[in-house]
Amino acid sequence: MIHSPYIRKPASIQRVMLTVLIALLPGIAAYVWQIGAGILVNIVIASVAALAGEAAVLALRRKPVAMALGDGSALVTAWLVALCFPPIVPWWLTALAALVAVVAVKQLYGGLGQNPFNPAMAAYCTMIVAYPALMSQWPAAGQLDFATQLQLILGSTRDLDAITGATALDTMRTGLRVPDATVDSVRQLGAFGLAGGKGWEWLAAGYLAGGLILLATRVITWHMPAAFLTALAIISGAFWLVHPGQFASPLFHLASGGAMLAAFFIVTDPVSGATTPRGKLIFAAGVACIAWLIRSFGAYPEGIAFGVLLMNLCVPLIDMKTQPPVFGHRGGRAP
72 MIHSPYIRKP ASIQRVMLTV LIALLPGIAA YVWQIGAGIL VNIVIASVAA LAGEAAVLAL
132 RRKPVAMALG DGSALVTAWL VALCFPPIVP WWLTALAALV AVVAVKQLYG GLGQNPFNPA
192 MAAYCTMIVA YPALMSQWPA AGQLDFATQL QLILGSTRDL DAITGATALD TMRTGLRVPD
252 ATVDSVRQLG AFGLAGGKGW EWLAAGYLAG GLILLATRVI TWHMPAAFLT ALAIISGAFW
312 LVHPGQFASP LFHLASGGAM LAAFFIVTDP VSGATTPRGK LIFAAGVACI AWLIRSFGAY
372 PEGIAFGVLL MNLCVPLIDM KTQPPVFGHR GGRAP
């Protein structure tokens, strides 16, 4: 039987969320391989806190708990929160962030589909402002075994001066502020790999592989990932070409930090992001430009989360200005 091409069975929320979780697995595997298995503990903690918090709020609102928890959206938020955090932060910080994301940002705005801000990014920004020291404790690739990471997560020890260091983004940001420092001299400090941060290139490759899964399964469209990565490459490349000694290359920005995670899993949030085709391009490009500005000139080494929240504020205006004209109308008036 031949079906019309426009007759398609819509994907359920559960199927979409499950696909996103599966697509995150390559990045998680690279994370465990390069940084350590502590991330798995954080994922479990964030998942339990998110599910418990959402269940409590739903019960208070007298909403069906089992149905809402079964859609998988709380788990996606929890996993993203955990992946954005250092793998050795105290357990309570991860749990608190998951509760902020699901309870304060998602449920208090009405639940799934109602939140104007990206829950995971809102939680990240809240924690990095409230606990900047804890949020900057990143272990070097391959430096800590699982037992040590577990001890740090559970809070049995916090003597981290000898076992943590700055990320490549942080090293680049602070190193270039030293008089007469150049990109080449900063790259000799040891936090760098071939292109980005040491070990982080593999995480970027894992998230890229997961992003291709989302594109292949049509969970996301090409607009936001392409716009984000292209804009980040263009703005960083323009400054790098003019002054290569003071600005990192586009490849460094793409392979460091959370660029690939953001491109495919964060800016593509269908609830808090722009919805029109042109709006998606503008939204994602705006996030990339803000992220680069904060990376290069700001007080924080990574600016993606702040870029997402700032562009979330612009979504109503972006959607209004990029809304395609209604068929049969011209200039908002009937012919």
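So the sequence shown is residues 72 to 406, counted in our numbering.
Note that the Cβ used here is the ideal one computed from N, Cα and C, for glycine as well.
Subject >> Buried versus exposed call for Ile93 [16 or more other C-beta atoms within 10 Å across all chains shown] >> reply: Your numbering for residue 93 matches position 22 in the sequence shown. It is exposed - the Cβ of Ile93 has fewer than 16 other Cβ atoms within 10 Å.
Subject >> Under 9 Å between C-beta atoms of Ala334 and Ala319 >> reply: Position 263 of the sequence shown, counted from the first residue, corresponds to residue 334. Position 248 of the sequence shown, counted from the first residue, corresponds to residue 319. Their beta carbons are not under 9 Å apart, which means Ala334 does not touch Ala319 by this criterion.
Original post:
Looking only at its own chain, which residues have a Cβ that is under 6 Å from the Cβ of Ala405, when we skip the five neighbours before and after it?
Top reply: Here residue 405 refers to the residue found at position 334 when the sequence shown is read from its first residue. For Ala405, the predicted structure reports a pLDDT of 45, less than 50, and the residue's modelled location is therefore unreliable. The matter cannot be settled from this model.
Original post:
Looking at Arg132 and Gln178, is the spacing between their C-beta atoms short of 9 Å?
Top reply: Indexing the sequence shown from 1 puts residue 178 at position 107. Indexing the sequence shown from 1 puts residue 132 at position 61. Taking 9 Å as the Cβ cut-off, Gln178 and Arg132 qualify as a contacting pair.
Subject >> Proximity winner among Val338, Ile284 and Phe323, relative to Phe299 (alpha-carbon distances) >> reply: The residue you call residue 299 lines up with position 228 of the sequence shown. Of Val338, Ile284 and Phe323, the residue nearest in Cα terms is Val338.
Subject >> Burial state of Ser256, where buried means 16 or more other Cβ atoms lie within 10 Å >> reply: Start at 1 with the first residue of the sequence shown, and residue 256 comes out as number 185. With fewer than 16 Cβ atoms within 10 Å of its Cβ, Ser256 is classed as exposed.
Original post:
Exposed or buried, which one is Val251 when buried takes at least 16 other CB atoms within 10 Å?
Top reply: Start at 1 with the first residue of the sequence shown, and residue 251 comes out as number 180. The displayed chain sequence assigns Asp, not Val, to residue 251. The residue is exposed, with fewer than 16 neighbouring Cβ atoms inside 10 Å.
Original post:
So does the segment 182–201 actually touch the segment 137–153, counting three or more Cβ pairs closer than 8 Å?
Top reply: yes
Original post:
Can you tell me the Cα-Cα spacing of Gly246 and Gly124, whole angstroms?
Top reply: For the purposes of this step, residue 246 is taken as residue 175 along the sequence shown, with counting starting at 1. For the purposes of this step, residue 124 is taken as residue 53 along the sequence shown, with counting starting at 1. Looking at the two C-alpha atoms, the distance is approximately 41 Å.
Subject >> Terminal residues of the alpha helix (DSSP H) in which Tyr195 lies >> reply: The count along the sequence shown starts at 1 and reaches residue 195 at position 124. From DSSP, the alpha helix (DSSP H) with Tyr195 extends over Pro190 to Ala201.
**OP:** Can you tell me which of the three DSSP states Trp209 falls into?
**Re:** Here residue 209 is taken as the residue at index 138 of the sequence shown, counted from 1. Looking at Trp209 - three-state DSSP - the assignment turns out to be strand.
Original post:
Could you check where the alpha helix (DSSP H) with Glu125 kicks off and where it finishes?
Top reply: Position 54 of the sequence shown, counted from the first residue, corresponds to residue 125. Residues Gly109 to Leu131.
**OP:** Evaluate Gly223 with the Cβ neighbour count: other Cβ atoms within 10 Å of its Cβ, from every protein chain shown; 16 or more gives buried, anything less gives exposed.
**Re:** Your numbering for residue 223 matches position 152 in the sequence shown. Gly is not the amino acid found at residue 223; the sequence shown has Leu there. It is buried - the Cβ of Leu223 has at least 16 other Cβ atoms within 10 Å.
Original post:
Is it the case that the Cβ atoms of Leu154 and Met206 are separated by a distance below 9 Å?
Top reply: Here residue 154 corresponds to residue number 83 of the sequence shown, with the count starting at 1. Here residue 206 corresponds to residue number 135 of the sequence shown, with the count starting at 1. Going by C-beta atoms, Leu154 is not nearer than 9 Å to Met206.
Subject >> Straight-line gap, Gly277 to Gln220 (C-alpha atoms, nearest Å) >> reply: As a first step, residue 277 must be located in the sequence shown, where it is residue number 206. As a first step, residue 220 must be located in the sequence shown, where it is residue number 149. Their Cα atoms are separated by approximately 22 Å.
Original post:
Do three or more CB pairs link the segment 98–112 to the segment 199–214 at distances below 8 Å?
Top reply: yes
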